[in-house]
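Single-structure report; data block below.
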Amino acid sequence: MSQQQIRYDGRVAIVTGAGGGLGRQYSLLLASRGASVVVNDFGSSVQNNVKIMAADVVVQEIVKAGGKAVANYDSVENGERIVEQAMRAYGRIDIIINNAGNLRDKTFSKATDQEWDQVYQVHLKGSYKVTAAAWPIMRKQKFGRIIMTSST
């Protein structure tokens, strides 16, 4: 089976950090192949004095293309809230893509302890919190796929 033939019909995916970049692309691809997606991102911007949530923009793209998605604005440090929303919306969780990260405009050698703690909280602990909350559900379903991403 080629990559273009892989379908996710009936599957539910949580994608963290999905308001832009790779997270957005993961969400759009999964939805285009039939998955229902929880688009997690608490980032926002202001346009014409209106606050625009990044997750909402991606959800609108998915829905406009005929897919299913809901936005979630929780921090990944509150992983149980993200998982609870997925269960309320879709009743299961099949795929988690832990993609959330925080960008720092500093090299490793210039980062302070406080900045490193913030990176740890989002990149590592956030991935753990989302995965730990979903783990019992995936075990009960006897199915689940978890992807961890990172970048430099």
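Every number in the working numbering is 7 more than the matching position in the sequence shown, counting from 1. Think of the CB as a built atom: it goes at the ideal place given N, C-alpha and C, for glycine as much as any other residue. No experiment lies behind these values; they were computed from the predicted model shown.
- Taking each of Ala118, Lys147, Val77 in turn and checking the Cα distance to methionine 60, the smallest one comes out for Val77.
- Where arginine 152 is concerned, the enclosing beta strand (DSSP E) starts and stops at 152-155.
- Residue pairing for alanine 76: DSSP places it in a beta bridge opposite Val44.
- In the three-state reduction of the DSSP assignment, alanine 118 falls in the coil class.
- For lysine 58, the secondary structure class from DSSP, reduced to helix, strand or coil, is strand.
- No residue range can be given for isoleucine 100, since it is assigned to no beta strand (DSSP E) and is classified by DSSP as neither H nor E.
- In the DSSP annotation of this structure, the continuous segment of the beta strand (DSSP E) that includes alanine 20 starts and ends at 19-22.
- With respect to threonine 156, isoleucine 89 sits apart: the two C-beta atoms are not nearer than 9 Å.
- The alpha-carbon separation between arginine 146 and asparagine 56 amounts to approximately 45 Å.
- Here serine 158 is exposed: its Cβ has fewer than 16 other Cβ atoms, across all protein chains shown, within 10 Å.
- For serine 158, there is no enclosing alpha helix (DSSP H), since its DSSP letter is neither H nor E.
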